[in-house]
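Residue numbers (the working numbering): 13 to 580.
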C-alpha cells in the first residue's frame with residue numbers, strides 16, 4: 013500500500029541503516045492481506061464506482077439542467093439540508109467579491125424537491141460552465157465490512173464559469189452524504205442517494221482575472237523548455253517529475269530583475285530591458301546554452317558586489333556585471349557532486365559572507381520507512397561556511413544541521429523566533445521536516461514542529477500571513493483524496509493511536525504554520541482552507557492585490573502525461 017512519495021529511481025532512498033531491520037522493512041507495521049484487500053475494495057467502490065462512474069452522471073444532469081433525470085438518483089425518503097443562499101458572509105476586494113457559508117449561516121432542512129431547487133438556483137447563475145463536478149471526499153461503509161448496506165461520507169459540488177452578467181465566477185459546496193449501498197452494478201441503477209447535508213460553501217466573482225499570462229509579450233521563449241505533453245518519449249523512458257526552475261537575480265546591478273531558467277533541455281539567461289521585457293543573453297554572458305542541470309543558485313559568493321551563479325557542478329564568477337567565467341576545481345573548494353536537490357544561500361554566522369546550504373537525496377538501496385524513529389538520520393543536508401574567495405568549509409556536523417528527516421527537496425532560511433538570526437526549515441519527502449534554530453555561536457538547536465510526522469513534503473516558502481512580523485511557513489505536501497480515504501477506512505484498533513495519527517498526517521495535504529513569535533508554530537492548514545490543493549510541489553507567496561497581505565500559491569501535478577487529464 014502506497015500513500016505518497018516520488019522518486020525517479022528505486023535507488024534514491026534514505027540512509028536508514030540505524031533502524032533495526034524489522035522496522036526498516038515495515039514488518040512491524042504491515043497489514044494483513046485480508047485488510048489490504050478490504051481497503052482496496054472500499055476504495056474501488058467508494059472512489060472508483062461512486063466517484064468516477066456514478067457522481068459524474070449527477071454532475072452531467074446538473075450541467076445540462078436535466079432536473080427530472082437528477083431526481084431519479086435520490087431515494088424516496090431522501091433527506092437534505094441546504095444553505096439559504098442570501099444568508100452569507102461576504103468579503104469584498106477591489107478585484108473580486110467572495111461569499112462564505114458555514115456554521116453561522118442559516119440552513120433549510122428539505123427533501124428532494126428543495127434540494128434540486130437549491131441546485132437549480134446555483135446553476136441558473138451561470139451562462140456557461142467550464143467546471144461542473146461532484147467529487148467524493150470521504151466514503152466508508154456504515155458498518156465495517158458491509159458493502160451492500162449503507163455508506164457514509166462527504167462530497168464536494170463545484171461550479172466554475174461565466175455568470176449571466178458576464179463575470180467570472182465559481183461555487184464550491186461541501187456535503188455530508190449517505191448512499192444506500194455500493195456495488196459494481198450501481199452505475200446502472202437509480203434511487204441510491206439517500207441524504208446530502210451541506211456543511212460549508214464558498215464562492216467568488218470578478219469582472220476580470222487578477223493576473224494574465226504575458227509571457228509572449230516579454231521576449232521569454234518557452235518552446236525550448238521540456239514539455240511532457242509534447243515530448244516524444246520512447247518505451248521505457250522515465251518521465252521526469254522535475255524539469256528545472258527559475259532563479260531571479262540582478263547580475264549587472266542595474267536595478268532590474270534578470271532571470272536564469274534551468275531545464276533538462278538546456279538553460280536560458282534573460283537580461284531585463286527595464287521595461288518589463290527581456291532579451292536572451294545566454295551566450296553573451298558566457299553561459300552554456302545546453303547545460304542541462306536542474307540545480308542552480310544565485311548569490312555574491314566572493315563579496316565583490318556582483319552575483320555569481322552555480323549551475324550543476326560548475327561555479328561561475330561574475331566579472332563586473334558583464335559576464336560569467338567558469339572557475340576550475342582548483343579555484344574553489346566546493347564538492348558540488350554532493351548536491352542532490354537544492355542549494356540556498358544564507359549568512360548564518362553574520363560575518364558578511366554568504367554561506368551555502370544544500371539539501372537532497374541519499375543514494376542507497378536500503379528500504380525506506382514511512383514513519384521515522386527519534387534520532388533517525390537520513391537527510392543529505394550540507395552547510396558550507398564561506399571563508400572568502402570561493403573557499404568553503406563543510407561545518408554540517410559541528411553546526412548541528414545534518415538533520416534527521418529523509419530525502420529533502422527544499423530549504424528556507426528565516427528568523428523564526430525574532431532574535432535577528434536566520435533559522436532553517438526543510439521540506440522532507442518522507443518523515444519529519446528538519447527545523448534548526450540558530451544559537452548565534454555557529455551552532456543550531458533542533459526546533460519543534462507541530463504533529464508527529466509531517467507530510468510528504470516537496471517545497472516550502474515563508475511569508476507573514478497576519479503581518480505580525482514573524483514568518484509563517486507554507487509547506488507543499490503530496491496529497492490525494494484516495495490516500496485520505498484509505499487511511500480513514502482502516503479498521504479501528506489496527507494501529508496504536510500514535511501510529512494512526514502519523515498516518516493521518518500522511519494524507520492531510522499542504523500545511524500552513526502560524527508563528528507564535530517564539531519559534532514555535534500552530535498548524536492551521538486545514539482550518540485556513542489551504543491544505544486540499546492536490547499533489548503539491550513548490551509554494552510561493554506575494555501580495556497580488558496590493559492590500560498589504562500576502563496571497564499564497566501552490567502549483568500541483570506530478571507528470572501530467574495526458575494533456576486533457578492533468579494529475580494535480
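Virtual Cβ for every residue (Gly too), placed ideally from N, Cα, C.
| Item | Value |
| --- | --- |
| DSSP state of residue 214 mapped onto helix, strand, coil | strand |
| Under 8 Å between C-beta atoms of residue 441 and residue 404 | no |
| Minimum C-alpha distance to residue 322 - residue among 347, 332, 316 and 250 | 347 |
| For residue 519 and residue 99, the rounded distance between their alpha carbons | 33 Å |
| Neighbourhood of residue 294 by C-beta distance below 6 Å, restricted to the same chain and skipping five residues each side | 280, 281 and 301 |
| Segments assigned alpha helix (DSSP H), at least 4 residues, entirely inside the stretch 47–92 | 67–76 and 79–83 |
| Endpoints, alpha helix (DSSP H) assigned at residue 229 | 227–230 |
| Residue(s) in a DSSP beta bridge with residue 526 | 534 |
| Inside the stretch 164–249 only - alpha helix (DSSP H) runs reaching at least 4 residues | 227–230 |
| Local conformation of residue 405 per DSSP, three classes | strand |
| Residue range of the alpha helix (DSSP H) that includes residue 130 | 124–135 |
| For residue 307, the nearest candidate out of 352, 463 and 400 (CA to CA) | 352 |
| Whole-number beta carbon distance between residue 366 and residue 359, since they are thought to touch under 8 Å | 6 Å |
| Contact the stretch 110–123 vs the stretch 198–217: 3+ CB pairs below 8 Å | yes |
| Whether residue 327 touches residue 319 by CB criterion (8 Å) | no |
| Unbroken alpha helix (DSSP H) run spanning residue 517, endpoints | 509–518 |
| With 16 other Cβ atoms within 10 Å as the buried cut-off, status of residue 561 | exposed |
| DSSP-derived helix/strand/coil call for residue 493 | helix |
| Sub-8 Å separation of residue 472 and residue 422 beta-carbons | yes |
| Touching by the beta-carbon criterion (3+ pairs, under 8 Å), the stretch 506–514 and the stretch 531–540 | no |
| Burial state of residue 526, where buried means 16 or more other Cβ atoms lie within 10 Å | buried |
| Residues near residue 168 by beta carbon distance below 6 Å, same chain, minus five either side | 147, 149 and 186 |
| Under the three-state DSSP convention, the category residue 37 falls into | Bear in mind that a pLDDT of 41 at residue 37, under 50, signals an unreliable position, so the number given afterwards is only what the model happens to contain. It is coil, neither helix nor strand. |
| Option nearest residue 517 by Cα separation, candidates 341, 499 and 459 | 499 |
| Per DSSP, the bridge partner or partners of residue 566 | DSSP, once it has assigned bridges, lists no residue as partnering residue 566. |
| Cβ-based neighbour list, residue 297, same chain, cut-off 6 Å, excluding 5 preceding and 5 following | 281, 335 and 336 |
| Of the listed residues 249, 304 and 312, nearest to residue 263 (C-alpha basis) | 312 |
| Euclidean distance between Cα positions of residue 445 and residue 325 | 26 Å |
| Whole-angstrom C-beta distance between residue 159 and residue 194, which should lie under 8 Å | 6 Å |
| Alpha-carbon to alpha-carbon, residue 487 and residue 449 | 18 Å |
| Assigned exposure category for residue 228 - 16 Cβ within 10 Å defines buried | exposed |
| DSSP state of residue 506 mapped onto helix, strand, coil | coil |
| Run of the beta strand (DSSP E) containing residue 448, from where it starts to where it stops | 447–450 |
| Run of the beta strand (DSSP E) containing residue 393, from where it starts to where it stops | That residue, residue 393, is in no beta strand (DSSP E); it is neither H nor E in DSSP. |
| In DSSP terms, what residue 260 is bridged to | 271 |
| Cross-strand partners of residue 149 (DSSP beta bridge) | Residue 149 pairs with nothing; no bridge assigned. |
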